[in-house]
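Which chain is which? The protein sequence lines are A and B, in order. Each residue of the first sequence is one higher than the last, beginning at 1 in this note's numbering. Each residue of the second sequence is one higher than the last, beginning at 529 in this note's numbering. Ideal placement from N, C-alpha and C gives every residue a C-beta, glycine not left out. Heads up, the thing below is written out as structure tokens.
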Amino acid sequence: MKALLYLDVHIFKNTVIATLKNPKQIIPAIFMGSLFLFPLITIYSIDAPLMAAPYTTETVKPIIFSFLTFITWITVIHSTTKNTLVFSLPEIDFLFPSPLKRKVILFNRVATNYLKLAVQYAAMAGFFLFVFSSLYHFVFWPRILFLWLAILMSMIFASNLGGIVSLVSSHFSELKRSRNRNILILVLASFLGIISGYIFWQVFQGIPVVQAVINVLNSSVVRILMYPMAAASDVAVAWRLTVGVGLKLLFLIVLCVVTTIGVLSVETHFYEASEAISRELWESVHKMRRQEVVVSESFVKKMRKIRPFGDRATALIWKNLVGMIRDIRSLLPTVFMAIFLFAMTFFRGGEFFNALFFLFFLVFISSGYVRWDFREDLRRIEIIKLIPDSNFRIVLSEIAVPILFSTVVSYIFLGVTFFAFPHSESKLVLTGFSVVALPLFSVVMVTISNLSTLYYPPQTNSQVIPGVLSLIFTMMVLTPSLFLLMLFIVLDKMYLGLLSVLLLNAAIAFALIKLLARKYRFFDLTSS
Amino acid sequence: MYKTVTAVDDLSFTVHDGEIFGLVGPNGAGKTTTLKCICGVALPTQGLVLVDGINLQKEEQKAKELLAFVPETPNPYEILTVSEHLKFISMLYSVDNPEPKIEHLLNAFELDGKKDNLVNSLSKGMKQKLTICCALVHDPHVLLLDEPLIGIDPRGARTLKDILIERAAQGDSVIISSHMLYLVEELCHRILIIDDGKKIAEGTLQEIRKKALASSDASLEEVFLKITEEPL
């Protein structure tokens, strides 16, 4: 145990020091921190007028109750077939073969997990409650304590329950585990069926749907069936410590202690099962970090083959095109998103001008999803660098496919929008503008994403920061265009404004591509 | 449709004190699973593992104190420094006064200049060297190595070979699983060839040559190719 304490303390200490020492980590961390702190300080500083809270305790409580119940069910069902005790690879390689008792290793994993959960939930609950308590003028303390304790205790309980189920299930065959999961799913489906029936019955009686849902979730039958979560939701919305709240809190603490003892006392050799799931998880996390594609072989077999084309750098266009078509992960969500967004815009109605915003948003989304450019090729950048062609041509070939995809998709919807919306004076001009502006916007978006990937490769950096910086850079690049357009609209010279925006964006797109070519020329993954 | 895969089937062998024992076989033969069963990470469904007469399943901690395992891919704690990592492993195995031993190992594997560096700043080969140092820091009686030379520079490889020979001479047992057949041929006193989880041949190189009906000067590579191609 002494060795594990030494390990935990040194990992924590070194993580803090490494973060503080590395400007690549500390600057984005300060930026992210200020993103959260700025609204908090603003809300706290301003003397906001008294506002009526949109939700009462009676409506918040069922929301918390249903959320906690959902998490618990999912955890338990997942635990029947998958081991929920996930260890890191160093733990597997160095702790599993060591003479430490299995239960000590398990306790260390469980305890550090709970500590992390406690900190995360404290930060999350603190942030949201602070915002709401400042806006709606209610006391922050001790309410935060009750909310935090309730969520933490119920999550520990759910996690322990999952741990016990997975430890016990590890003795069973795959077939039996699968049967157990199906039984649990059936029980859950029946439970949800009864609740839905109850809600329908109330609605049939003339009660509004929202009120019917609240009534059912607050009903004694449902609360008794999921009592730990019901008790947690009562504690979560408590204002002060009363006997009832204290007893429920005590009940949750006892539940957590008992289930923790349960996890630690199940006699099982969990190493093998934990190793398998931990390695699987580690692999998938690394795949996500490296942003590797998920390709379905059966899907690929059904697809028509694209004949190879291109020479030197332009062969990359063929390679990326084939990849994009076979990569269901990026293709399907983009298509569904496009249809959904279009339907939303169409049903909302309004002017043709407003509908165009959807098309630009679609380009923004699709250039983020379809990553068949440097974002995908970063892992094989050494091979790409060997192509005997100019850097500019290589860069153009690399970014061609996402630009082509978002342009084609946006053109399809532009065509539909053109015919679906009623005729207006500016419709023809705006359509002409969009025909040029959409691919230009796509070039800007894709190039910025590629620049952020080369400056902050996902292999050596966290995922969130480059994304945020890329978004800020995009806003900086697009702001002049918006100002220009607004200026000309105010001057009642919209057409001239549109032309200026096109020229400005063409210049920006060219400058960004040149910058990307320069960055690519000096790019070295090992030093990034 | 669920099917159970038997990674290792009816495999029985003994490694004596002072012996370097080679475990060879094609990919997926069950070598790593065998090593994991011996070091207590995987649990055999049948049979038992005895380490110096101690039943691993019954007296796990006692048996594990005598063992050390070097996995194929090194995954040390990235956020510890090299010396902290070795100190931590010494604490796991309750090594008294580990500093001189740590200094000696870091010198031997040319890691002394990196002792205050975080592990994540090391190259793959250096991480492998660190993992080997971790396995040696508590003077194990039985050393299990899974492809130990991958990524290691020639000087480091020589050092490791010398250490293994030295430890065997002191009476410790060493089990090496490797596809580098020249290494197995050079170092191992006896060899076990497994395929599809089953024992194909066991013995000295000479005995295996005989079993494979190979010439008396045939290399382990030739013998291995012959014996795994035509199971006897």
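Where residue i falls: helix, strand or coil (DSSP)
| i | result |
| --- | --- |
| I721 of chain B | strand |
| F549 of chain B | strand |
| V670 of chain B | strand |
| V257 of chain A | helix |
| L760 of chain B | Residue placement at L760 of chain B cannot be trusted, given a pLDDT of 46 that sits under 50; what the coordinates show is reported in the next sentence. Three-state DSSP puts L760 of chain B in coil, outside helix and strand. |
| L249 of chain A | helix |
| S705 of chain B | strand |
| V579 of chain B | strand |
| T609 of chain B | strand |
| L487 of chain A | helix |
| Y530 of chain B | Here the model assigns Y530 of chain B a pLDDT of 45, short of 50, so the residue's position is not dependable and the matter cannot be decided. |
| L646 of chain B | strand |
| F96 of chain A | coil |
| G716 of chain B | One detail in the question is off: residue 716 of chain B reads as Cys in this sequence, not Gly. The answer is coil: DSSP assigns C716 of chain B none of H, G, I, E or B. |
| W73 of chain A | helix |
| P208 of chain A | coil |
| W318 of chain A | helix |
| P626 of chain B | coil |
| M303 of chain A | coil |
| Y621 of chain B | coil |
| E587 of chain B | coil |
| P602 of chain B | coil |
| H78 of chain A | helix |
For residue j and residue i, believed in contact at Cβ under 8 Å, the rounded distance
| i | j | result |
| --- | --- | --- |
| D755 of chain B | I722 of chain B | One detail in the question is off: residue 755 of chain B reads as Ile in this sequence, not Asp. In fact, because the Cβ distance is near 11 Å, the residues do not count as touching under 8 Å. |
| D674 of chain B | T573 of chain B | So it is not a contact: roughly 21 Å between Cβ atoms. |
| L129 of chain A | L106 of chain A | With a Cβ gap of about 33 Å, L129 of chain A and L106 of chain A do not count as contacting. |
| V263 of chain A | I164 of chain A | 6 Å |
| V89 of chain A | N603 of chain B | Note that residue 89 of chain A is Leu in the sequence shown here, rather than Val. That belief holds up - the Cβ atoms of L89 of chain A and N603 of chain B are roughly 4 Å apart, short of 8 Å. |
| T607 of chain B | T15 of chain A | Sequence check: residue 607 of chain B is Ile here, not Thr. Indeed, because the Cβ distance is near 6 Å, the residues count as touching under 8 Å. |
| P501 of chain A | L491 of chain A | At residue 501 of chain A the sequence reads Val, which differs from the Pro that was named. Not really, about 14 Å apart at Cβ, beyond 8 Å. |
| L671 of chain B | V702 of chain B | 5 Å |
| A355 of chain A | F421 of chain A | 6 Å |
| S367 of chain A | V446 of chain A | 5 Å |
| V536 of chain B | T562 of chain B | 5 Å |
| G699 of chain B | D545 of chain B | 5 Å |
Within chain A, the residues that residue i reaches when beta carbons sit closer than 8 Å
| i | result |
| --- | --- |
| L571 of chain B | H269, Y271 and E272 |
| L608 of chain B | L7, H10, I11 and N14 |
| C662 of chain B | F94 |
Span of the alpha helix (DSSP H), counted from its first residue to its last, around residue i
| i | result |
| --- | --- |
| L595 of chain B | It is not in any alpha helix (DSSP H) - L595 of chain B instead sits in the beta strand (DSSP E) that spans L595 to V598. |
| V444 of chain A | K427 to Y455 |
| F392 of chain A | N391 to A420 |
| F358 of chain A | F352 to Y369 |
| A231 of chain A | Y227 to A236 |
| V9 of chain A | K2 to K21 |
| S196 of chain A | E174 to F204 |
| C661 of chain B | K652 to L664 |
| Y136 of chain A | R102 to Y136 |
| I513 of chain A | M494 to F522 |
| L539 of chain B | Note, L539 of chain B: premise wrong, no alpha helix (DSSP H); not H, not E. |
| L688 of chain B | P682 to A697 |
| A150 of chain A | R143 to S169 |
| K385 of chain A | I381 to K385 |
| C565 of chain B | K559 to I566 |
Under 9 Å from the C-beta of residue i: neighbouring residues of chain B
| i | result |
| --- | --- |
| E275 of chain A | K564, V569 and A570 |
| K533 of chain A | Shown here, chain A extends from 1 to 528; a query on residue 533 of chain A therefore has no answer. |
| A18 of chain A | I607, L646 and N648 |
Boundaries (first-last residue) of the beta strand (DSSP E) holding residue i
| i | result |
| --- | --- |
| G731 of chain B | K726 to G731 |
Residue i: contacting residues in chain B (beta-carbon distance under 7 Å)
| i | result |
| --- | --- |
| P97 of chain A | C567, G568, V569, K592, L595 and F597 |
| D93 of chain A | P599 and N603 |
| K514 of chain A | Here the premise fails: no neighbours, minimum Cβ distance about 34 Å. |
| L89 of chain A | N603 |
Under 8 Å from the C-beta of residue i: neighbouring residues of chain B
| i | result |
| --- | --- |
| K2 of chain A | M619 |
Problem set entry | Cβ-based contacts, 7 Å cut-off: residues of the region 613-627 of chain B near chain A | Those residues of the region 613-627 of chain B that come within reach of chain A (Cβ to Cβ, closer than 7 Å) are F616, I617, M619, L620 and Y621.
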